[in-house]
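With UniProt numbering applied, the sequence shown covers 2 to 390.
Think of the CB as a built atom: it goes at the ideal place given N, C-alpha and C, for glycine as much as any other residue.
These numbers come from a predicted model, not from an experiment.
So the structure is just underneath, and the comments pick up after that.
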Amino acid sequence: AKQNYVRSKPHLNIGTMGHVDHGKTTLTAAITKVLSDRGGATYVPFARIDRTPEEAARGITINISHVEYETASRHYAHVDMPGHADYVKNMITGAAQLDGAILVVSAVDGIMPQTREHALLARRVGVEHLVVALNKADGADPELADLVELELRELLAEHGYHDVPMVRVSGLRALEGDPEWVASVEALLRAVDDHIPVPVRYVDAPFVMPVENVLTVTGRGTVVTGAIERGSVTVGDTVQVVGLGDGFTAVVTGVETFGKTMERGEAGDNAALLLRGVRRDQVRRGQVLAAPGSQTAHRRFAATIYLLTQEEGGRSTPITSGYRPQFYLRTTGVPGRVALGDDEMALPGETVEVTVELGKPVALEAGLGFAIREGGLTVGAGTVKAVLG
Ligand code: GDP
Ligand code: MG
């Protein structure tokens, strides 16, 4: 029989961010190792976290790795992503709903382009709290590390992050069990516990969970995974599948998190829901599961969008009415067409009011954030102001 998940501590979603090779995956493995020695985690080795994007056996695309662990005061789900493109995609779509993040910066190399980009992304997607892991401190000259810290404070302040704790760590040495560096990872976790507050969860709102992955579990049926955005779900509840086609309803026959059964999944939880009588091909990433009648799919909406400057990785040229990028809403990307208002064009760096017509209907509501991408680049970010039809 499966273990039960006991909700004895607040649950938070965090993750590692930062430039490639600065040690995000190593640190993630080290955290589980250090905590497993205290009974707060199951050790997840590097190779299990840093999987190839295509996990062929399950036939699904995994571009996010979740590990779970607990400190004395909290339960954490932690995401680590293999490549820079995965950060951009998962962060801006909200697939990684982060309550806070650990920005990993190599004390040897200092701030690199993806360090800058992730700090910017974190701010744009509303990650309010950061803790810096100044990694590879085992090999860094302390004075150089001081300098890196100074530059980081400046960079983070530019994005509105103040009083960010910075902890010198060595993920690699901690993983090897070196006591000094094990202690550094413990200090990092204390900083995360102290600095990243438990967010307000809308547990009493109608249930909604964006579909991240759909898989078949032999003998049990179709399982849909995702992070519960609002509300709660229990076995026996009816949920509606909304978006990308005709909606339908299904009964939830199982709720799990990290392989443990739950009585009730709540806003903020990473859940796997077993749906009765549903075929795998009936549910897709990009749809949402919702309390029946609470969410509707739409193609047209009014929005405020911000166009990234070229420095921020955006376009070098303006957009005009008829512009057709991809819109990343929650877990999906859909093509759409932008109509500008009175102004004929909008320049990178500008914030403008637009109307958008999507190629496919998706669950939409005022306040929903989205990203705009073209040719694999993030060129803008926006918020739905009103649904138009
Ligand atoms: P990621 O791309 O940010 O996930 O980085 P990885 O975790 O894959 O690490 C990149 C490289 O840096 C690997 O060769 C690691 O062994 C090495 N590395 C990671 N952490 C440390 C550390 O704390 N000290 C040292 N010396 N090397 C590290
Ligand atoms: Mg990695």
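Contact between VAL355 and VAL339 is confirmed by a C-beta separation of about 5 angstroms, below the 8 angstroms threshold. Classified as buried, MET167 has 16 or more neighbouring CB atoms from the shown chains inside 10 Å of its CB. Membership of PHE302 in the beta strand (DSSP E) is indicated by the continuous run 298-308. Distance from the Cα of TYR6 is smallest, within the candidate group TYR70, ARG300, PRO46, for TYR70. Nearest Cα to THR43 within the set LYS34, ARG49, VAL225, ARG281: LYS34. With fewer than 16 other beta carbons inside 10 angstroms of its own, LYS3 counts as exposed. TRP182 places its beta carbon 9 angstroms or farther from that of ALA123. Looking at the DSSP output, GLY381 shares a beta bridge with LEU308, ILE373.
Nearest neighbour of HIS76 by Cα position, chosen from PRO336, ASP87, GLY40, turns out to be GLY40.
Distance from ARG301 to LEU389 at the Cβ level is roughly 4 angstroms; contact confirmed, criterion being Cβ atoms closer than 8 angstroms. Non-local C-beta neighbours of LYS261 in its own chain, meaning closer than 7 angstroms and more than five positions away in sequence, comprise LYS3, GLN4, ASN5, TYR6, ordered along the chain. Listed by position in the chain, the residues whose beta carbon lies within less than 7 angstroms of some heavy atom of the ligand MG are LYS25, THR26, ASP51, ASP81, PRO83. When Cβ pairs closer than 8 angstroms are counted between the two stretches, the segment 214-221 is seen not to touch the segment 291-308, the count staying below three.
Membership of PRO180 in the alpha helix (DSSP H) is indicated by the continuous run 180-196. At a cut-off of 8 angstroms, the beta-carbon of VAL193 does not count as near the ligand GDP: no heavy atom of the ligand is closer than that. Looking at the backbone, the Cα of VAL212 and that of ARG280 are separated by about 15 angstroms.
With fewer than 16 other beta carbons inside 10 angstroms of its own, VAL21 counts as exposed. Note on ASP164: under 16 other CB atoms within 10 angstroms of its CB, so exposed under the neighbour-count rule. Within its own chain, the residues whose Cβ lies closer than 7 angstroms to the Cβ of SER37, once the five positions on either side in sequence are excluded, are THR43, TYR44, listed in chain order.
A direct Cα-Cα distance of roughly 21 angstroms separates ARG117 from VAL193. In this structure, ALA347 and ILE373 do not form a Cβ contact; the two beta carbons are roughly 11 angstroms apart against a cut-off of 8 angstroms. Around the beta carbon of THR332, 16 or more other beta carbons lie within 10 angstroms, which makes this residue buried. Taking the C-beta atoms as reference points, GLY370 is found nearer than 9 angstroms to GLY127. Judged by beta-carbon spacing, VAL170 lies within the 9 angstroms limit of SER185, meaning their Cβ atoms are closer than that value. No heavy atom of the ligand GDP is found nearer than 8 angstroms to the CB of ARG117.
In this structure, the C-beta of PHE259 stays at least 8 angstroms away from each heavy atom of the ligand GDP.
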